[in-house]
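Sequential numbering from 57 applies to the sequence shown in the working numbering. Only one structure is covered here, and it is reproduced in the block below.
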Amino acid sequence: MALVERAGTLSVRPIEPADVERVAAFLARTMPAGPPARTWARAARAPWGTDQPNHGFLLEHGGDVVGANLAFYSERVLSTGAQRFCNLAALSVLPEHRASAVRLARALLAQPGHAFTDLSPSGQVVDIDRRLGFRPLDTTTAFGVNRPGGRAPRGVRVVTGADAIDGLLEDPRERQVLADHRDALAARHLLVVRGERQCYVLYRRDTRKRLRCFATLLHVSDPELYTDSRSAVDRVLLREGALVTLVELRVLGGRVPPGARLYAGRPKLVKGKDLPLDEVDDLYSELTCVPW
57 MALVERAGTL
67 SVRPIEPADV
77 ERVAAFLART
87 MPAGPPARTW
97 ARAARAPWGT
107 DQPNHGFLLE
117 HGGDVVGANL
127 AFYSERVLST
137 GAQRFCNLAA
147 LSVLPEHRAS
157 AVRLARALLA
167 QPGHAFTDLS
177 PSGQVVDIDR
187 RLGFRPLDTT
197 TAFGVNRPGG
207 RAPRGVRVVT
217 GADAIDGLLE
227 DPRERQVLAD
237 HRDALAARHL
247 LVVRGERQCY
257 VLYRRDTRKR
267 LRCFATLLHV
277 SDPELYTDSR
287 SAVDRVLLRE
297 GALVTLVELR
307 VLGGRVPPGA
317 RLYAGRPKLV
327 KGKDLPLDEV
337 DDLYSELTCV
347 PW
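See below:
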């Protein structure tokens with residue numbers, strides 16, 4: 057299959073390893089609210105072992121990068137069997153070529169054998185995705201202020217840091233998630249332990265309205281233990297500078313943390329045939345790799 061598409065003097069082609077530094081410089085230049093070029097370059101290289109056929113697609117004009125859509129690939133096991141995913145990540149196109157942005161998305165979607173996610177679309181990208189057949193996920197989100205007080209349940213302890221957690225985490229599936237994400241730039245880790253029960257939490261720090269004081273939970277292995285132990289987790293997150301915790305209810309199996317307020321979260325979309333939407337999560341994606 058031809059992966060290079062040309063229209064006039066514009067061409068769309070896969071981002072190869074040799075292109076990553078150029079694309080990183082372009083993203084840093086055109087997305088000033090994001091990380092610097094060196095961070096983009098590191099983040100674009102997924103740390104887990106799944107084969108990455110490319111790092112997304114780029115738009116070229118006269119040899120210059122004028123647009124890019126990063127992508128992260130993974131293989132997950134769902135109730136329907138093994139499923140390859142392509143996560144459409146950061147998208148930026150120069151204003152004079154903005155009409156060609158959809159060509160980047162179409163190039164990614166033309167790759168057979170994948171389901172597709174877009175977990176951080178912004179602006180007009182949401183409408184483009186919907187026209188391309190994406191469906192929305194339920195992103196109802198709990199907003200909770202992390203408080204220093206409150207009594208944690210007896211016997212609860214919270215362990216932080218991938219190295220410390222690695223020596224304690226017992227569930228082989230959770231150990232694999234930890235191993236695959238320990239070098240992901242945006243991923244942070246904590247483990248709640250109570251007796252023989254464990255809850256592995258993978259989260260990221262986020263900036264909202266120029267305030268870098270949010271912790272967004274992306275994966276919670278035992279929602280019941282987390283909600284019961286939230287006061288202990290709050291204190292740990294506060295020490296790390298997170299004043300607020302955000303977590304989508306789908307991450308908690310529908311549970312609402314005590315004292316949290318609910319609001320409609322930012323859009324997230326998915327495209328795939330016979331895909332169980334309740335099994336689509338935020339792991340192995342831009343959200344674990346790109347710090348903002």
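All C-beta atoms, glycine included, are put in the ideal place defined by N, C-alpha and C.
Cutoff 8 Å; reference residue i; Cβ partners in own chain excluding five residues on either side
i	result
P314	T283 and R286
D334	R306
R317	A198, F199 and G200
Q167	P109 and C142
E226	Q254
L83	G90, A93, W96, A124, L126, A146 and S148
Q139	E131, R132, V133, A171, G328 and L331
A288	A208, P209, V212, R213, V214 and V248
P103	D236, H237, R238, D239, A240 and C345
V182	P323 and L325
I221	V215, L234, H245, L246, L247 and Y256
V300	F199, G200, V201, N202, C269, F270 and A271
Cβ-based burial, residue i [other Cβ within 10 Å; buried from 16]
i	result
G118	exposed
V352	Only positions 57 to 348 of the chain appear in the structure, and residue 352 is not among them; the question remains open.
L343	buried
P73	exposed
R191	exposed
D290	buried
R266	exposed
R187	exposed
R159	buried
T65	exposed
S341	buried
Residue from the options with nearest C-alpha to residue i
i	options	result
E149	P109, V79, A138 and D107	The question names Glu, yet the displayed sequence has Val at residue 149. Taking only the C-alpha atoms, the option nearest V149 is V79.
A93	P103, R253 and D75	D75
Y319	A102, T196 and S156	T196
P70	A102, A127 and L224	A127
L193	W348, V336 and E252	V336
P151	M87, G297 and L299	M87
Beta-carbon spacing of residue i, residue j below 8 Å
i	j	result
V346	A99	yes
H153	G123	yes
R261	R268	yes
T106	S135	no
P279	R311	yes
I184	A161	yes
R250	L281	yes
L115	S176	no
L274	L224	no
Proximal residues to residue i (C-beta, below 7 Å), its chain only, five neighbours per side dropped
i	result
L294	N202 and P204
L331	A171
G309	P279
H111	I71, V76, A100, L126 and A127
A298	N202, R261, C269, F270 and A271
G169	R140
6 Å CB neighbourhood of residue i in its chain, flanking five on each side removed
i	result
R264	F270
D174	L144, D185 and L325
L81	The amino acid occupying residue 81 in the given sequence is Ala; Leu does not appear at that position. Cβ neighbours of A81 beyond the five flanking positions: A93.
Any chain B beta carbon closer than 8 Å to residue i
i	result
E77	Protein chains in the displayed structure number just one, and chain B is not present.
Check your understanding: Are three or more beta carbon pairs between the region 246 to 260 and the region 320 to 327 nearer than 8 Å?
Key -> At 8 Å Cβ cutoff, the stretches do not touch.
Check your understanding: Taking three-plus beta-carbon pairs below 8 Å as touching, is the region 241 to 251 in contact with the region 214 to 230?
Key -> Enough Cβ pairs lie closer than 8 Å, so yes.
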